[in-house]
Amino acid sequence: GAVVSQHPSRVICKSGTSVKIECRSLDFQATTMFWYRQFPKQSLMLMATSNEGSKATYEQGVEKDKFLINHASLTLSTLTVTSAHPEDSSFYICSAFGRGNEKLFFGSGTQLSVL
Amino acid sequence: SQKIEQNSEALNIQEGKTATLTCNYTNYSPAYLQWYRQDPGRGPVFLLLIRENEKEKRKERLKVTFDTTLKQSLFHITASQPADSATYLCALMNTGNQFYFGTGTSLTVIP
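Protein sequence lines, in the order shown, are assigned to chains A and B.
Just so we're aligned, residue 1 is where the first sequence starts under the working numbering, counting upward by one.
Just so we're aligned, residue 1001 is where the second sequence starts under the working numbering, counting upward by one.
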């Protein structure tokens, strides 16, 4: 089956630093990638949708200047958490969707801890 | 407002019994309804998809029903095993390829 690789799996950083998370589709072209945030024992909260070559569409309440999303190619999307603060600590998951597919393929997630 | 609700936060059943999980939605017109499994600290994994014009879908021990009149999907795991313990998420996909996830149900199968 299709594989989506997400790195890093875990990151600990100091408050005020920026963190970049990568999401790669390894064996298919991801025309659309989604970024989610998940708090413990809660469901996935969609943050933004990114289509290759165009600006990401952010969900209401998600700051686009804080969560920078780049989808420069059909196999790579990145999420950068800028000037991270402890309240940004969360589990971030990407998913990818390709042409002709009807289902999402998820990355393994990134646990971000901001000290 | 749009909502996707799954029957309960947690469901405990005895090994060998059938687990039934519910997904109800309001103010959506999904083209597809999907079920995913998520284990702790991992990303969700796709299980089954059912289209709006389908009533039932099966895959091994899994069965999904979809009632667009009731705006409800039922997800069944027959002959449940402890390895089936996980959180199960339903997701709606519309014709614009947007996905919306339910709140999730944590299933524990007791040996």
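C-beta: ideal position from N, C-alpha, C; glycine also.
Beta-carbon contacts of residue i that lie in its chain and below 7 Å, excluding the five residues immediately before and after
| i | result |
| --- | --- |
| residue 59 of chain A | 46, 47 and 48 |
| residue 1086 of chain B | 1037, 1038, 1039 and 1107 |
| residue 51 of chain A | 31, 32 and 71 |
| residue 1055 of chain B | 1065 and 1066 |
| residue 73 of chain A | 52 |
| residue 1024 of chain B | 1005, 1071 and 1072 |
| residue 1012 of chain B | 1108 and 1110 |
| residue 39 of chain A | 90 |
Burial state of residue i, where buried means 16 or more other Cβ atoms lie within 10 Å
| i | result |
| --- | --- |
| residue 1080 of chain B | buried |
| residue 1110 of chain B | exposed |
| residue 79 of chain A | buried |
| residue 37 of chain A | buried |
| residue 88 of chain A | buried |
| residue 43 of chain A | buried |
| residue 103 of chain A | buried |
Beta-carbon proximity of residue i to residue j, cut-off 8 Å
| i | j | result |
| --- | --- | --- |
| residue 1062 of chain B | residue 1047 of chain B | yes |
| residue 1036 of chain B | residue 1091 of chain B | yes |
| residue 18 of chain A | residue 83 of chain A | yes |
| residue 1002 of chain B | residue 1018 of chain B | no |
| residue 81 of chain A | residue 91 of chain A | no |
| residue 1020 of chain B | residue 1074 of chain B | yes |
| residue 1050 of chain B | residue 1059 of chain B | no |
| residue 1099 of chain B | residue 1089 of chain B | no |
| residue 1072 of chain B | residue 1022 of chain B | yes |
| residue 1043 of chain B | residue 107 of chain A | yes |
Proximal chain B residues relative to residue i, where beta-carbon distance stays under 7 Å
| i | result |
| --- | --- |
| residue 97 of chain A | 1097 |
| residue 43 of chain A | 1089, 1101, 1102, 1103 and 1104 |
| residue 108 of chain A | 1042 and 1043 |
| residue 104 of chain A | 1046 and 1099 |
Residues near residue i in its chain [Cβ-Cβ closer than 6 Å; skip 5 each side]
| i | result |
| --- | --- |
| residue 96 of chain A | 4, 25, 30, 33 and 105 |
| residue 109 of chain A | 91 and 93 |
| residue 10 of chain A | 111 |
| residue 22 of chain A | 7 and 78 |
| residue 64 of chain A | 58 |
| residue 16 of chain A | 83 |
| residue 76 of chain A | 24 |
| residue 1014 of chain B | 1110 |
| residue 1078 of chain B | 1018 and 1061 |
Neighbouring residues, chain A, relative to residue i (Cβ below 8 Å)
| i | result |
| --- | --- |
| residue 1066 of chain B | Within 8 Å Cβ-Cβ: nothing; residue 1066 of chain B doesn't reach chain A, min ~14 Å. |
| residue 1002 of chain B | Those within 8 Å of residue 1002 of chain B in chain A number zero; the least Cβ separation is about 12 Å. |
| residue 1025 of chain B | In chain order: nothing, as chain A lies at least about 13 Å away. |
Contacts of residue i in chain B (Cβ-Cβ under 8 Å)
| i | result |
| --- | --- |
| residue 32 of chain A | 1097 |
| residue 93 of chain A | 1043 and 1044 |
Residues near residue i by beta carbon distance below 8 Å, same chain, minus five either side
| i | result |
| --- | --- |
| residue 1031 of chain B | 1051, 1052, 1093, 1094 and 1095 |
| residue 13 of chain A | 19, 84, 112, 113, 114 and 115 |
| residue 54 of chain A | 71 |
| residue 62 of chain A | 47 and 48 |
Contact list for residue i against chain A, beta-carbon separation under 7 Å
| i | result |
| --- | --- |
| residue 1049 of chain B | 102 and 103 |
Interface residues of chain A facing residue i [CB-CB closer than 9 Å]
| i | result |
| --- | --- |
| residue 1034 of chain B | 102, 103 and 104 |
Inset, instruction - Could you tell me whether the stretch 1006 to 1020 of chain B touches the stretch 56 to 70 of chain A, where touching means 3 or more Cβ pairs closer than 8 Å? - result: Touching, no, given that fewer than three Cβ pairs across the two stretches are closer than 8 Å.
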